Amino acid sequence: MPRPPVSAGATQAGLMEQYEKDRLGHLLASVERHGPVVELTEGTVLVNDPAAVHDVLRRTNTDFLVTGNIRRDEVSGVRGDPATEAWMRGRRATQKGMSPPALEAHRAWLTEETERLCDRWRARPSVADPVAELELLSARSFARFCFGTRDAGSAAPRTGDLLNALTPLISSPFHFPPAVRRFLPRYRRSVSAQKNLEAELRRVLDGPGEGGLVDALAAAGLDAEATVRMLVSNGLASYRVPAAAVTWALVALAREPEVSEECATAVNPDGTAVPDILRWTIAESLRLWPPNWLILRTANGEQNCGGWSVPAGAAVMISPYVVHRTAPVFTDPLTFRPHRWASLQPTAGEYLPYGIGSRWCVGKALADLELATVLSTLVARFRFTVDHMDPLPDVRTTLLPARLTLGLRAR
Ligand code: HEM
């Protein structure tokens, strides 16, 4: 089997510089120039062919491994390995805990808290950095969903501290050897932020109260250590990503007032059934701006990928952002057109904002609830405008609108 075409025409340092200037633009241009499987630099392969994307992600935990723990400095093991099995047990228990009745019970709290946010926004002509405000809502929502009647204490702000400490570490394209990495001040800061969060989570778990996801985890046999591990990973995943998703949808609605009116009219005051137009708006917004714009795997030995040979240990990059903008199933791919979803049924490899396979998003059910509830509440209360947004998004970790200010007009 041949190796994939290599991105040529510049030195490794030059390519790295291009990538750093505009990561998404660089990936799109590489696919356009070299085809759907391309070796960006020695040992880093971008896979963009929908069938190959599906195949790689389906072979996660066997041929392609997940790149790591929260600091992305370890590759997690294969199926059968005790740590991987423990994680997979935790995943199953978490998904079971996100049952329809548990989610339904959470909806009223989420609606009420979003109404409170609306009341605060009502007094302002604009919101600078809406992601920051929606992050806090999302983090508090997760804490509430997890801890039931227990006092969630400062779990949400401690999660924010950890995320901020991790950002410089995981967004940097420079990879230091593990022995060096552990001595970097940023690494040590992230370890200390993680310890603080874990201590807070243990304190909350030991406190009075009941209900919530943690009871479901205990019922599934997870011990305190495994529970804290699930809470840290899920807490990080549910902090910024849903906030980014809601914000991108607001940006889209601000630019498409007709769709915004259609959503506001269709929204059901009791919030139960999600109207089609809102579902399509969310789907289309996740297509154009998938918050998790990059999914990483490591080849476990030499692997076949779409007919190309990927060397052992290669980093395999899959970008939902690039797939969603290049897969032929999406006509006029750069245009926000929610109504396309009335008849569109892309394959799993063509549309993957939540990933695919054994490591796909554990929190999708909670995320779906949050996106629909928060967005329908906001769109029913306000008309939005984009007062400022930088042309290039912030892609250091989650895909975020850069320096966004949203204008507001109450309905
Ligand atoms: C709009 C919201 C969200 C989007 C678009 C999203 C998307 C994703 C994606 C693309 C992955 C990577 C899948 C892979 O590597 O194959 C992922 C993983 C994950 N997500 Fe989400 N996510 C969202 C919200 C949430 C929420 C609310 C939670 C928790 C309550 C959560 C928990 C996780 C966890 C724990 C993982 C890692 C799974 C593993 O490695 O086994 N996510 N998510």
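Numbering (the UniProt record's numbering), first residue to last: 1 to 411.
C-beta atoms are modelled at their ideal positions from N, C-alpha and C, and glycine is treated no differently.
Bear in mind that the values here come from a model prediction, so they are computed numbers and not experimental data.
May I ask you to list the residues that DSSP assigns as paired with Trp308?
According to DSSP, which records beta bridges pairwise, Trp308 is partnered with Cys305.
Is it the case that the segment 84-96 contacts the segment 328-340, given that we only count it when at least three CB pairs across the two stretches are under 8 Å?
no
For the alpha helix (DSSP H) that Arg122 lies in, which residues bound it at each end?
100-122
Taking 7 Å as the cut-off, does the CB of Ile295 come closer than this to any heavy atom belonging to the ligand FMN?
Ligands displayed in this structure: the ligand HEM; the ligand FMN is not among them.
Less than 8 Å between the beta carbons of Leu213 and Phe145, yes or no?
Cβ atoms of Leu213 and Phe145: closer than 8 Å.
beta-carbon Asn234 near the ligand HEM non-hydrogen atom, thresh 7 Å
yes
Any beta strand (DSSP E) of 3 or more consecutive residues that is wholly inside the segment 176-255
none
Where do the ends of the beta strand (DSSP E) carrying Ser126 lie?
Where Ser126 is concerned, the enclosing beta strand (DSSP E) stretches over 126-128.
At a cut of 8 Å, does the segment 344-355 reach the segment 28-48 through at least three beta carbon pairs?
no
In three-state terms, what does DSSP make of Phe330?
coil
May I ask you to report which of helix, strand or coil DSSP gives Asp387?
strand
On the criterion of 16 or more Cβ atoms from any shown chain inside 10 Å, does Asn268 qualify as buried, or is it exposed?
exposed
Coil, strand or helix - Ile295 by DSSP:
strand
Tell me where the alpha helix (DSSP H) around Met1 begins and ends.
Where Met1 is concerned, there is no enclosing alpha helix (DSSP H), because DSSP gives it neither an H nor an E.
Round the Cβ separation of Ile356 and Val232 to the nearest angstrom and send it over; I've been treating them as touching at under 8 Å.
Not really, about 24 Å apart at Cβ, beyond 8 Å.
Once DSSP output is grouped into helix, strand and coil, what is the label at Leu15?
helix
Just the Cα atoms here: how many angstroms apart are Thr41 and Asn304?
18 Å
May I have the straight-line CA-CA distance separating residue 412 from Leu222, to the nearest angstrom?
Because the chain is modelled from 1 through 411, residue 412 falls outside the range shown and cannot be assessed.
Using the C-alpha atoms, what's the distance from Ser285 back to Val131?
Val131 and Ser285: Cα-Cα distance of roughly 15 Å.
Quick one: residues in its chain with C-beta nearer than 8 Å to the C-beta of Thr167, no 5 flanking neighbours on either side, listed in chain order?
Arg396, Thr397
On the DSSP letters alone, give me the boundaries of the beta strand (DSSP E) that residue 412 sits inside.
Nothing in the structure corresponds to residue 412, since the chain is present only between 1 and 411.
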